Amino acid sequence: MEYNLLEESWIPVLYHDGRWERVGIKRALTEAGRIRAIAAPNPMDRVAIFRFLLALLYWCRGNPPDEDAIKEMDSFPAERFTKLDENRSCFDLFGEGSRFYQDSTAQRVRPATDLLQEIPAGNNFWHFRHSTDTVDGLCAACCVLGLLRLPLFSVSGLPDLMAGINGTPPVYVIPWRNSLRDTLKANWTPCSQIGVPAWVDADIRPTSGQEVPLLTGLTLLPRHVWLHEPEPSGTCIACGLTKTAIIHTCEFQSAGRQENNLWRDPHVVYSDGTPRRKAKAPDPTAAGKFQMDRPWPELLARIVEAANTSTEVGNASVLLVGFATRQALNLDAWERVVHVQTGVSDREASAVALRHWQKQGTGLASAVTRKVAPKGGKKTPGSHADVHSVVGSIRPNIEHTVSKEIGALIVPDNAAWDQATLEYRPMMAAIA
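Per my numbering, residue 2 is the first one in the sequence shown, and the count goes up by one each step.
Here it is as structure tokens:
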């Protein structure tokens, strides 16, 4: 079977005229100004596809021109991507030679559905959608999406499966604009070392003790994968495409430990300027119970401090995508678009205010409990349970409402904070 990513239709996009379509690499880049956004249903795919296209832009064009030239750029002409045709074989998904993001030495047979975390395994029954390992399979387009996820969302599992270069998947924070072209331009920033991507050399590994080049870090593969030959016709368990070639099995093996403290991912916010401490994807569980509220204030405070959302003064959108896990257990994939006012004069004060809100909210239940049942005093039967029930039931909904406008909270005007305070008033009355 022949399947080349340059022309085959595998990238789901939404055009400005409302049309949804799958396109190949060439069309995605040359029609980027007409494309509103990558329109995959899973947020992990939106981040993975975007980062792949950004890596292609660096590979074909190198560092961006000066800032004024970028602003005036209204398209990415086809002649800028002749390097793609010159290296066409790098993007073949099947064949006897080199394959895109694959390694023929892999020797661990697994269902092809292992490439997508949301497909339930053969012994997991508690799903609306059921699948059977090696019986159900993926179309070629969905296999590509699974391969692109590997550098960003691979976690540790079993005795020998290691996480990717970012370790436990962090929260990915990406400046997001109203077209694919503008989003690529906003993230196309100068770097000191561009490096070699994994589609050129799937075995490349960063040199120990040295800075990791950009394309090496963006595309480093934590798994050795080799897709088995597809059956000619079937239905994809992931996207539902019918009468298409289906891949049922593959070789799926660890590529070893890859975490590197010298790697600085361009879409991860680091809390203290070093890669050792970065914004992690929050675990949505606590004591086995699913928790809907997540630490948005702390994350936005880090974004404000890093000041890496935009070089322009005004309003900017930031896409946040997280993949929460517990060891090898995949728990939750989530996304949120935050509208952040850039060019804020006092970033330090804004970050302090956001962290204060986070601290007050976290300690609310225990503080009220102490008021209801003071230390050494007589406890009212049921008081602790009642308080925690009210706080646990109402607070997540309030913070969801407030956090949707969280970008306004970094503006010096206090109006947004006053409005946020009003949202909490009904809960405090219920507790009182």
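Built from N, CA and C at the ideal position, the CB exists for glycine as well. Please read these numbers as outputs of a predicted model, since none were measured by experiment.
For E87, the enclosing alpha helix (DSSP H) begins and ends at T83 to E87. With respect to the 8 Å criterion, L185 and L55 are classified as neighbours on the basis of their beta carbons.
For a cut-off of 8 Å, the C-beta gap from I248 to C144 is around 6 Å, short enough to register as a contact. Excluding five sequence positions before and after G168, the CB atoms of its chain that fall closer than 7 Å to its own CB belong to E260, given in chain order. For L301, the enclosing alpha helix (DSSP H) has its first and last residue at W297 to A307. Out of R396, L321, T363 and I39, the CA that lies nearest to the CA of A282 is found in L321. Residue pairing by DSSP places A354 in no beta bridge whatsoever. The continuous beta strand (DSSP E) containing C251 extends over residues T250 to S255. The beta carbon of R278 sits closer than 7 Å to those of Y271 and S272, all from its chain and outside the five residues before and after it, given in chain order. Proximity of the segment 56-66 to the segment 188-197 meets the contact definition, three or more beta-carbon pairs being nearer than 8 Å.
Distance from the CA atom of L6 to the CA atom of T217, rounded to whole angstroms, is 20 Å. Out of A122, T363, R396 and A107, the CA that lies nearest to the CA of L330 is found in A122. Under a 10 Å Cβ-count criterion, T326 is classified as buried, with 16 or more other Cβ atoms of the shown protein chains found around its own Cβ.
Judged by DSSP in its simplified three-state form, F77 adopts coil rather than helix or strand. Distance from the Cα of L139 is smallest, within the candidate group F154, P214, S105 and T243, for T243. Within the same chain, and ignoring the five residues on either side of W189 in sequence, the residues whose Cβ sits closer than 8 Å to its Cβ are L55, L58, Y59, P65 and I71. By the CB criterion at 8 Å, L355 and R396 fall outside the cutoff. If you draw a straight line from the Cα of S155 to the Cα of R258, it comes to about 12 Å. R327 sits in a strand when the DSSP states are folded into three classes. Comparing alpha-carbon positions, the option among A79, H17, D67 and W21 lying closest to L30 turns out to be A79.
By the C-beta density criterion, M45 is buried, having at least 16 other C-beta atoms within 10 angstroms.
If you look at V145, you'll find it in the alpha helix (DSSP H) that goes A141 to F154. Contact between V338 and S351 does not hold, since the beta-carbon distance rounds to 19 Å and is not under 8 Å. Assignment of H389 by DSSP, reduced to helix, strand and coil, places it in the helix class. With 16 or more other Cβ atoms inside 10 Å of its own Cβ, D137 counts as buried. Judged by DSSP in its simplified three-state form, V403 adopts helix. Its Cα nearest to that of K84, the residue V201 stands out among F129, V201, M2 and S105. Burial check for A203: the Cβ neighbour count within 10 Å reaches 16 or more, so the residue is buried. The segment 227-245 makes no contact with the segment 170-180; the number of CB pairs closer than 8 Å stays below 3.
Residue V269 holds the alpha-carbon nearest to the alpha-carbon of R303 among Y16, V269, L332 and E336.
Here DSSP, grouped into helix, strand and coil, assigns N261 to coil.
Rounded to whole angstroms, the gap between the alpha carbons of V48 and C251 is 24 Å. R182 is positioned such that its CB atom lies closer than 8 Å to that of F77.
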